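End of the sequence shown = 221 in UniProt numbering, gap-free, step of one. All C-beta atoms in this analysis are idealised placements derived from N, C-alpha and C, irrespective of residue type, glycine included. Since the model is a prediction, treat every value here as computed from it, not as a measurement.
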Amino acid sequence: MVRHRSCVERPEGAPCQALDTQQWQECNLQACPECPPRQVLSTCATLCPSLCSHLQPGTICVQEPCQLGCSCPGGQRSLPWGLILSLEEQAREVPPGTVLTWNCTHCTCQGGAFICSLIDCQEEEPASCRYLTELRNLTKGPCHLDQVEVSYCSGYCRSSTNVMTEEPYLQSQCDCCSYHLDPDSPVRILHLHCPDGHTEPVVLPMIHSCQCSACQGIIIL
């Protein structure tokens, strides 16, 4: 591709040069490459620094001529195997032994750097926490009430455990299929029928919605 511009000389300015009136750049007629997840197409994918290792003290990043390709979005850097860290993650200090796992990549903080390796990845079941209802027969002692609509939560939420070389040695993240009560009517008072003819009042929680959230009150041995 060639583009031209005119040059007007002024008494107080420098004289025009022939090369100043013409600019030339080679066109890339190939189709744009498809970028992997969390990367974007860049006209200068070789821009320094692009890797987390380039931020290490004493490391020199050699600037190469700009080339079209895939790179991390602005302000982010990549670890080996394509693991990407944001600015917040780059600035955060992590203790030795910290493990990061993403996109089938296992990285361990060791000796001031991340040591990464590929791991055998199996497709993980997607998180699914659903709000459901069903008819139940409720009892309390000899008293009962049949065909009562009861709401409940059911499904699968992600959990994981990483091993560290320092305390606390094990780092667990656990999400449970949890609930939110109806803000207007959190409970419902029911009256069970008893054999002697009287009724027994009971409280039935009214679930409004369900979602995956951090597990509460769970002790892991």
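Between the segment 170-183 and the segment 134-146 there are fewer than three inter-stretch CB-CB distances shorter than 8 Å, so the stretches are not counted as touching. With a cutoff of 8 Å on beta-carbon distance, Leu132 and Tyr152 are scored as near each other. Segment contact: the segment 177-188 against the segment 202-212, three or more CB-CB distances shorter than 8 Å; contact assigned. Assignment of Ile119 by DSSP, reduced to helix, strand and coil, places it in the coil class.
Comparing C-alpha distances from Ala214 to each of Pro65, Cys107, Arg158 shows the shortest one belongs to Arg158. If you ignore the 5 residues before and after Ser185, its C-beta comes within less than 8 Å of the C-beta of Met206, all in its own chain and listed in chain order. Assignment of Leu145 by DSSP, reduced to helix, strand and coil, places it in the strand class. Exposure of Ser154 is indicated by the presence of fewer than 16 other C-beta atoms within 10 angstroms of its C-beta. By the neighbour-count criterion, in which 16 or more other beta carbons inside 10 Å mark a residue as buried, Cys66 falls on the exposed side.
In the DSSP assignment, Gln67 forms no beta bridge with any residue. The shortest C-alpha to C-alpha distance from Val163 to any of Thr108, Gly13, Pro33 is the one to Thr108. Going by beta carbons, Leu29 and Cys35 fall outside the 8 Å limit.
Nearest to Glu149 by alpha-carbon distance, out of Ser160, Thr161, Leu135, is Leu135.
By the neighbour-count definition (other C-beta atoms within 10 Å, threshold 16), Ser71 is a buried residue.
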